[in-house]
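A short write-up of the structure that comes next.
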Amino acid sequence: MNSFLNANAELVITLVKIVLLLFIVLTVNAYLTWFERKVVAHMQSRWGPHRVGPHGLLQPLADGVKFLFKEDPTPAGVDKLVYYLAPLLALALALTSIALIPFGPEPIRLFGHDIYLGIAPPDLNIGILALFAVTALGVYGVALAGWASNSKYPLLGGLRSSAQMISYELALTMSVVGVLLMAGSFNLKKIIEAQAHHPEWGILGWNVWPQILGFFCFFIAAVAETNRVPFDLPEAESELVAGFHTEYSSFKFAMFFIAEYTSMITVSCLCSILFFGGWLSPFPASGLFTHYLPSAILISFGLWVIWDGIRYETIFGRIVLPGLGAAITALGVVFVLLPNVNEFIQGPFWLLSKIFVFLFVYVWMRGTLPRFRYDQLMAFGWKLLLPLSIVNVIVTSFVILAKMQWWGAK
Amino acid sequence: MTASLAVFFAMAALAVIGAVSLIVQKHPIHSALSLIVVMIALAGLYLLLGAEFVAAVQIIVYGGAIMVLFVFVIMLLNAGVEEHTSISKMAGAPGLLLVVALAGFVAATIARSTESVETTLQTGEIASTLEISNMIFKDFVYPFELTSFLILVAVLGATVLAQREKS
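Chains as they are written, first to last, in this note's numbering: chain A, 86 to 495; chain B, 1339 to 1505.
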């Protein structure tokens, strides 16, 4: 057994990482639904879920159980093979794309092996291209689901989605070219490192400042690619019942749901990596106390949860919430006491906080913006986003050329 | 049998099965799906040869863009199950002859080649993006530009043809 482990260490580590990441992503997905419902509810002066568990924290669990035990009818007249394949395809591709994201700069040394955070090897030279390849296939899940259902509303939803994804993928890919030109590589790790050329600049060294136009195009196109408000025409409930997943119920519907939320996470990761410095700290490298910021945030959040918990109405909440708060506070204290650990969590902490901010923006938009009309959507993609992203590419290449020509940079 | 050889045979088998299924399937959507399988299996083969960039582009362009358009058009036209006709003798006889000729040609080429056929990883030679871009934009820039001009003409032609006639 031991010799087998030593001989196939790489394989075993990767398998363990896959299982871990799968578990984490699915849990985060479940709590993302809770987060979304809570935030949107508070934006609309409601409470959101609050019955199942303290602050409704067990609601995702209840929803999961409901999805599993619901009756799963297959409508008559569907194309069986494609009908079953579509949700599988959507989920598998969404989860594959997140496997290509690197989550931290430094490997962690365990049992004599360097273990990188993230499943794909950090020197994957086609990083961003591989990601685009996986997301480019993502449209099949939605399109085939719409077609295989053999029903008119899903078909319309599937058609809309294919047209929308084809239109916005162009702008999505073009808007990244500026970043690639500045980094000179497809490798996600190198793209982040290129934003750290001036460590003393901190937040000002990130790609978002020179590439503000690219970021604008990328984020809008990415929201459209994930079929979220205000671009959720494939599932517009006032026009198409539920769009492409009208005929799906139970866990097959849940698979589409998980796929959508996973691609939201992937897009947030990409935004942070490409434009917001990935795991780089926003503070200049010379900052004295910024290393303790993660701990400070964790401890104050933990204390707030304890304070909130002891005043909670139910006894269950009065037990669980302070316990949770104490655990979070303890984690923060551990980071302060162990400098090595504190050093290690800096990268992942900043990346995760950026991802969280983008997820909040997603929810924020859902709570704020009305849906586009279909012709507006098409006109916006082709007549505004695509030309803008092409202009961005041209301007960026000219600036880089000018720098090389006159200032001899690089 | 090494791991890369096993992957090669898996990918090759997938490509051949997909290609046969493409012809045999009765419904256009199923045929299109089989074609996607072929494209992805080919990308896997490129990856095996160390051509990462080509593999990614293969999936993005063929698997993603072109096949999505195929599927989109089939869905839009709502094409139904095809009727199978018995193969006409006119197409059958020359077709069979051509298949035999092609198989013979490939077999003869493999038999005559003195070098062993490489199916394993060859790192870095044809692979790097830099190499490819140097070739496209420096060595072969005129053929490349000519091709893009041709595509532009085709796009314009398609737009003109698709435009509604003004009455």
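Ideal Cβ positions, reconstructed from N, Cα and C, are used throughout, including at glycine.
- Using a Cβ-Cβ cut-off of less than 9 Å, give me the residues of the segment 1380-1410 of chain B that come near chain A, in sequence order. A1381, E1390, F1391, A1393, A1394, V1395, Q1396, I1397, I1398, V1399, G1401, G1402, A1403, M1405, V1406, L1407, V1409, F1410
- Query: If you measure beta-carbon to beta-carbon, which residues of the segment 226-245 of chain A are closer than 9 Å to chain B?
  - Reply: A228, L229, G231, W232, A233, L240, G243, L244
Taking 7 Å as the cut-off, decide whether the C-beta atoms of A184 of chain A and I204 of chain A are in contact.
yes
Where does the unbroken beta strand (DSSP E) through R396 of chain A begin, and where does it stop? Unbroken run through R396 of chain A: none, as it is neither H nor E.
Report task. Look at the alpha carbon of A344 of chain A and the alpha carbon of I1489 of chain B, and state the distance between them as a whole number of angstroms. Result -> 36 Å
Q) S270 of chain A and D157 of chain A look like a contact to me (Cβ under 8 Å); what is the Cβ gap, rounded to whole Å? A) That pair is no contact at about 46 Å.
Should D1477 of chain B be labelled buried (16 or more other beta-carbon atoms within 10 Å of its own) or exposed? exposed
Compute the distance between the beta-carbons of G242 of chain A and G328 of chain A, then report whether it is under 7 Å.
yes
**Message:** Please list the terminal residues of the continuous beta strand (DSSP E) segment that includes I1404 of chain B.
**Reply:** Counting along the chain, I1404 of chain B falls outside any beta strand (DSSP E), and DSSP gives it neither H nor E.
If you measure between the beta carbons of S366 of chain A and W294 of chain A, is that distance less than 7 Å?
no
Does DSSP put R194 of chain A in a helix, a strand or coil?
strand
Buried or exposed for E285 of chain A, please, with buried defined as at least 16 other CB atoms from any protein chain shown within 10 angstroms of its CB.
-> exposed
### Message
For R131 of chain A and F374 of chain A, I'd like the C-alpha separation in whole angstroms.
### Response
39 Å
*What is the DSSP secondary structure of D1477 of chain B, counted as helix, strand or coil?*
helix
Which residue or residues does DSSP assign as beta-bridge partners of D199 of chain A? A:R194
Check your understanding: Anyone know if the C-beta pair for F441 of chain A and I1398 of chain B falls short of 7 Å?
Key -> no
Q) Quick one: is N312 of chain A buried, meaning 16 or more other Cβ sit within 10 Å of its Cβ, or exposed? A) buried
query = Just to confirm, are L222 of chain A and G1402 of chain B a CB contact at a threshold of 7 Å?
reply = yes
### Message
To the nearest angstrom, how far is the alpha carbon of P287 of chain A from that of V418 of chain A?
### Response
For the record, residue 287 of chain A in the displayed sequence is Gly; it is not Pro. Between G287 of chain A and V418 of chain A, the C-alpha separation is close to 26 Å.
Query - Same chain only: Cβ atoms within 6 Å of G1462 of chain B, ignoring 5 sequence neighbours per side - result: Bear in mind that the predicted position of G1462 of chain B carries a pLDDT of just 49, short of 50, making it too unreliable to give a figure here.
Limits of the unbroken alpha helix (DSSP H) element including G138 of chain A
No alpha helix (DSSP H) contains G138 of chain A, which DSSP labels as neither H nor E.
**Request:** Pull up the CB-CB distance for T351 of chain A and S474 of chain A, whole angstroms please, since I reckon it's below 8 Å.
**Result:** Not a contact, Cβ separation roughly 20 Å.
_Contacting residues, own chain, Cβ-Cβ under 6 Å from I1367 of chain B (five flanking each side not counted)_ = I1412
### Message
Can you tell me whether E285 of chain A is helix, strand or coil according to DSSP?
### Response
coil
query: Taking only beta-carbon atoms, is M1413 of chain B less than 7 Å away from chain A?
result: yes
Q) Can you round the beta-carbon distance between Y1384 of chain B and V1392 of chain B to whole angstroms, since I take them to be within the 8 Å contact cut? A) 5 Å
Assign W449 of chain A to one of two classes, buried (16 or more other C-beta atoms within 10 Å of its C-beta) or exposed (fewer than that). exposed
Can we say the segment 462-480 of chain A touches the segment 293-307 of chain A, given the rule of at least three CB pairs closer than 8 Å?
yes
Give me the residue from A:V113, A:K123, A:G189 with the minimum Cα distance to E428 of chain A. A:G189
For the segment 217-287 of chain A, list the alpha helix (DSSP H) runs that are entirely contained and at least 4 residues long, ordered along the chain. 224-233, 237-268, 273-279
Among the residues of its own chain, which have a CB less than 7 Å from the CB of R403 of chain A, if the five just before and after it don't count? G394, I395, Y397
Given this structure, state the Cα-to-Cα distance separating K81 of chain A from G363 of chain A, to the nearest angstrom. Because chain A here runs from 86 to 495, residue 81 of chain A falls outside it and cannot be looked at.
Practice task
For the alpha helix (DSSP H) containing D317 of chain A, list its first residue and its last residue.
Solution key: Unbroken run through D317 of chain A: none, as it is neither H nor E.
Buried or exposed by the 16-neighbour rule on C-beta atoms within 10 Å, applied to H330 of chain A:
buried
What residues from chain B crowd round V167 of chain A, counting only those whose CB sits closer than 7 Å?
I1367
List the whole-angstrom C-beta distance separating D164 of chain A from N235 of chain A, where the pair is believed to meet the contact cut-off of C-beta under 8 Å. 7 Å
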